[in-house]
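Report on the structure given below.
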Amino acid sequence: MKILQIKDSVVSIASEIQNAYIDFSKMTVSIVAIVTDVIKDGKPVIGYGFHSNGRYAQAGLLRERFLPRLIEAKPENLVDDQRDNLDPFKIWDILMTNEKPGGHGDRSVAVGVLDMAVWDAVAKIEEKPLYKLLAERFGKGKSKKKVFVYAAGGYYYPGKGTETLVQEMQGYLEKGYRVVKMKIGAASLSEDMQRIEAVLRELENHIDAGETPGSRLAVDANGRFDLSVALAYARELQPLGLFWYEEAGDPLDYHLQNELSSAYDQPFATGENLFSHQDVANLLRYGGLRPEKDYLQMDPALAYGLVEYSRMLDIIDQFNWSHSRCVPHGGHQFALHLAAGLGLGGNESYPGVFQPFGGFADETPIKDSLVGLTDHPGVGFEAKSDLINLFNKHFQ
Ligand code: MG
Numbered sequence: 002m003k004i005l006q007i008k009d010s011v012v013s014i015a016s017e018i019q020n021a022y023i024d025f026s027k028m029t030v031s032i033v034a035i036v037t038d039v040i041k042d043g044k045p046v047i048g049y050g051f052h053s054n055g056r057y058a059q060a061g062l063l064r065e066r067f068l069p070r071l072i073e074a075k076p077e078n079l080v081d082d083q084r085d086n087l088d089p090f091k092i093w094d095i096l097m098t099n100e101k102p103g104g105h106g107d108r109s110v111a112v113g114v115l116d117m118a119v120w121d122a123v124a125k126i127e128e129k130p131l132y133k134l135l136a137e138r139f140g141k142g143k144s145k146k147k148v149f150v151y152a153a154g155g156y157y158y159p160g161k162g163t164e165t166l167v168q169e170m171q172g173y174l175e176k177g178y179r180v181v182k183m184k185i186g187a188a189s190l191s192e193d194m195q196r197i198e199a200v201l202r203e204l205e206n207h208i209d210a211g212e213t214p215g216s217r218l219a220v221d222a223n224g225r226f227d228l229s230v231a232l233a234y235a236r237e238l239q240p241l242g243l244f245w246y247e248e249a250g251d252p253l254d255y256h257l258q259n260e261l262s263s264a265y266d267q268p269f270a271t272g273e274n275l276f277s278h279q280d281v282a283n284l285l286r287y288g289g290l291r292p293e294k295d296y297l298q299m300d301p302a303l304a305y306g307l308v309e310y311s312r313m314l315d316i317i318d319q320f321n322w323s324h325s326r327c328v329p330h331g332g333h334q335f336a337l338h339l340a341a342g343l344g345l346g347g348n349e350s351y352p353g354v355f356q357p358f359g360g361f362a363d364e365t366p367i368k369d370s371l372v373g374l375t376d377h378p379g380v381g382f383e384a385k386s387d388l389i390n391l392f393n394k395h396f397q
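Be aware that the sequence shown starts at 2, since it is given in this note's numbering, and climbs by one per residue.
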């Protein structure tokens with residue numbers, strides 16, 4: 002078997018939203034289609050890939066380095082002989098030929114896009130949903146039928162006040178989410194506390210007996226704070242008992258995270274900007290995170306794909322963390338399959354933004370903050386009509 006053709010394109014997901022670091026007015030996504038010579042139902046199997054929001058499209062890296070390496074490779078060097086299928090690990094090695102270690106900038110995004118398309122094709126060739134294939138290959142065959150998701154949003158909308166934020170959160174709770182997340186760090190501490198308290202007042206209307214509103218709210222600083230500001234927020238957030246306090250400082254500042262960890266005993270979440278298993282090892286070694294309460298958010302679509310994510314899970318095992326502490330960033334179907342097939346604790350969800358890449362199959366509504374998976378082969382992009390329509394528009 003062989004790859005016949007690889008197509009790529011760039012799609013805009015521009016919007017008016019802002020977090021503490023960036024606005025999304027020029028945000029783009031790379032998409033790819035890997036066409037194979039395997040025929041199913043009279044048509045060639047095509048694997049599709051894209052990357053998560055927050056990093057820009059990687060057309061230059063794809064066209065100058067990664068696509069030529071794949072296209073120029075001998076077909077037999079890309080194939081899993083025992084399974085008569087593509088081999089994502091061999092393909093990863095070919096993509097990373099002549100790449101020095103470290104410095105995981107945007108190339109991890111370019112490789113992540115291709116890796117997603119490869120796994121989509123591999124599972125389609127085996128005629129299985131990806132999560133089942135992953136459970137068989139990496140686990141003991143057991144997968145989850147439903148995955149915990151939380152609603153990520155609560156961005157800063159220039160010119161709109163706290164009322165808009167509260168309405169947004171109310172909308173997520175009415176859609177079936179139990180936990181919501183909002184941005185902090187683009188306003189003053191006192192202004193952010195007013196925003197947080199407004200959302201907590203809304204959550205009061207939705208909590209069950211014995212719950213606190215804080216247990217349903219996560220906040221995300223997008224790496225904005227230095228240590229003194231991170232600590233000042235920690236002091237104010239501590240009594241609220243939040244679901245988590247996300248990315249307080251720079252993602253690679255393990256010292257800051259360590260200092261913060263000793264000053265705040267509620268859960269943290271971080272890791273969406275760590276792109277290699279070595280970075281994850283450093284976070285676990287030096288970041289002071291607590292395996293019983295903190296969360297890891299590495300996103301396979303930004304971080305060299307599922308091949309590298311499997312190495313991150315090996316690191317997590319070595320440090321005696323549970324896979325259930327992993328809740329990937331990105332809100333996409335691909336990470337949902339990893340969560341279901343590899344025993345992760347959940348997945349992000351963007352009900353309102355980054356469409357059509359955010360969200361899950363049309364036929365799987367959110368209920369009690371859980372989302373199911375379909376039995377469509379591969380990642381099941383074909384079961385998300387707005388996304389498959391986009392792929393068809395660009396690649397047919
Ligand atoms: Mg985040």
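Virtual Cβ for every residue (Gly too), placed ideally from N, Cα, C.
- Task: Spatial neighbours of M313 within its chain, please: CB distance less than 6 Å, with the 5 preceding and 5 following residues excluded, ordered by chain position.
- Result: Stepping through the sequence shown from its first residue, residue 313 is reached at position 312. Closer than 6 Å at Cβ, skipping near neighbours: H278, V281 and M299.
- Item | Element boundaries [beta strand (DSSP E), containing D221] | Here residue 221 is taken as the residue at index 220 of the sequence shown, counted from 1. Element bounds for D221: L218 to D221.
- Environment of G379 [buried if 16+ CB atoms lie within 10 Å]: Locating residue 379 in the sequence shown gives position 378, counting from the first residue. G379 is buried by the Cβ-count criterion.
- Smallest Cα separation from A195: which of Y234, S229, E175 and V230? For the purposes of this step, residue 195 is identified with residue 194 of the sequence shown, where counting begins at 1. Per the sequence presented here, residue 195 reads as Gln, with Ala not at that position. Q195 has its Cα closest to that of Y234, out of Y234, S229, E175 and V230.
- Query: Among residues of its own chain, excluding the 5 on either side of A60, which ones have a beta-carbon nearer than 7 Å to its beta-carbon?
  - Reply: For the purposes of this step, residue 60 is taken as residue 59 along the sequence shown, with counting starting at 1. So the list reads D9, V11 and S31, once near-sequence residues are dropped.
- Ordered along the chain, which non-local residues of its own chain (more than five positions away) have a Cβ less than 8 Å from that of Q83? Taking the first residue of the sequence shown as position 1, residue 83 is located at position 82. Within the same chain, Q83 has no close Cβ partners at all.
- Indicate whether L343 and A124 have their beta-carbon atoms separated by less than 9 Å. Stepping through the sequence shown from its first residue, residue 343 is reached at position 342. Stepping through the sequence shown from its first residue, residue 124 is reached at position 123. No; because the gap between Cβ atoms is not below 9 Å, this pair is not in contact.
- Query: Contact check, E248 vs N223 under 8 Å by CB: the rounded distance?
  - Reply: Counting from one through the sequence shown, the residue named residue 248 turns up at place 247. Counting from one through the sequence shown, the residue named residue 223 turns up at place 222. Yes, they are in contact, since the Cβ atoms of E248 and N223 sit about 6 Å apart, within 8 Å.
- Query: Where DSSP assigns a beta bridge to I47, which residues make up the other side?
  - Reply: Indexing the sequence shown from 1 puts residue 47 at position 46. Paired residues: V36.
- Query: Whose C-beta lies closer than 6 Å to the C-beta of A270 among residues of the same chain, with five residues either side of it excluded?
  - Reply: Along the sequence shown, read from residue 1 onward, the residue named residue 270 stands at position 269. Excluding residues within five positions, the ones whose Cβ falls inside 6 Å are W245, E247, Y296 and Q298.
- Please name the residue in D227, V328, H207 and E128 whose C-alpha comes closest to that of D186. If you number the sequence shown from 1, residue 186 lands on position 185. Here residue 186 turns out to be Gly, not Asp, going by the sequence shown. The shortest C-alpha to C-alpha distance from G186 to any of D227, V328, H207 and E128 is the one to D227.
- Message: Can you find the residues in the same chain that come closer than 6 Å, C-beta to C-beta, to F320, ignoring five residues on each side of it along the sequence?
- Response: Here the question's residue 320 lines up with position 319 in the sequence shown. Counting only Cβ-Cβ distances below 6 Å, and skipping sequence neighbours, we find L285.
- Of the listed residues H333, Q334, A341 and G332, nearest to S325 (C-alpha basis): As a first step, residue 325 must be located in the sequence shown, where it is residue number 324. The residue among H333, Q334, A341 and G332 with its C-alpha nearest the C-alpha of S325 is A341.
- Where does M183 sit, in a helix, a strand or coil, going by DSSP? Taking the first residue of the sequence shown as 1, we reach residue 183 at position 182. DSSP places M183 in the strand class (E or B) of the three-state scheme.
- Message: I need the DSSP call for T271, collapsed to helix, strand or coil.
- Response: Position 270 of the sequence shown holds residue 271. The three-state reading of DSSP puts T271 in strand, counting E and B together.
- Message: Helix, strand or coil for G162? Go by DSSP, reduced to three states.
- Response: Looking up residue 162 in the sequence shown gives position 161. It is coil, neither helix nor strand.
- Task: My understanding is that I72 touches V33, with C-beta atoms under 8 Å, so please give their C-beta distance in whole angstroms.
- Result: The count along the sequence shown starts at 1 and reaches residue 72 at position 71. The count along the sequence shown starts at 1 and reaches residue 33 at position 32. Taking 8 Å as the upper bound for CB-CB distance, I72 and V33 are not in contact here, some 12 Å apart.
- Query: What residue does the beta strand (DSSP E) around Y265 start on, and which one ends it?
  - Reply: Indexing the sequence shown from 1 puts residue 265 at position 264. Note, Y265: premise wrong, no beta strand (DSSP E); not H, not E.
- Can you grab the Cα-Cα spacing for the pair S263 / G289, in whole Å? By 1-based counting over the sequence shown, the position of residue 263 is 262. By 1-based counting over the sequence shown, the position of residue 289 is 288. Cα to Cα, the separation comes out at about 8 Å.
- Message: Given a cut-off of 9 Å on the beta-carbon distance, is the pair M183 and G140 in contact?
- Response: Here residue 183 corresponds to residue number 182 of the sequence shown, with the count starting at 1. Here residue 140 corresponds to residue number 139 of the sequence shown, with the count starting at 1. Not a contact, by the Cβ cut-off of 9 Å.
- Query: Regarding Q19 and the ligand MG, is the C-beta to nearest heavy atom distance less than 8 Å?
  - Reply: Start at 1 with the first residue of the sequence shown, and residue 19 comes out as number 18. False, no ligand heavy atom lies under 8 Å from that Cβ.
- Query: Hey, is the stretch 199-219 in contact with the stretch 166-174, meaning 3+ C-beta pairs nearer than 8 Å?
  - Reply: Contact between the stretch 199-219 and the stretch 166-174 is present, because at least three Cβ pairs lie under 8 Å.
- Message: So for I7, helix, strand or coil by DSSP?
- Response: Position 6 of the sequence shown, counted from the first residue, corresponds to residue 7. The three-state secondary structure of I7, taken from DSSP, is strand.
- Item | Euclidean distance between Cα positions of G215 and Y178 | Within the sequence shown, the letter at position 214 stands for residue 215. Within the sequence shown, the letter at position 177 stands for residue 178. Roughly 15 Å between the two C-alpha positions.
- Nearest to G28 by alpha carbon, out of V39, H52, Q239 and P292? As a position in the sequence shown, residue 28 is number 27, starting the count at 1. For the record, residue 28 in the displayed sequence is Met; it is not Gly. Ranking the options by Cα distance to M28, first place goes to H52.
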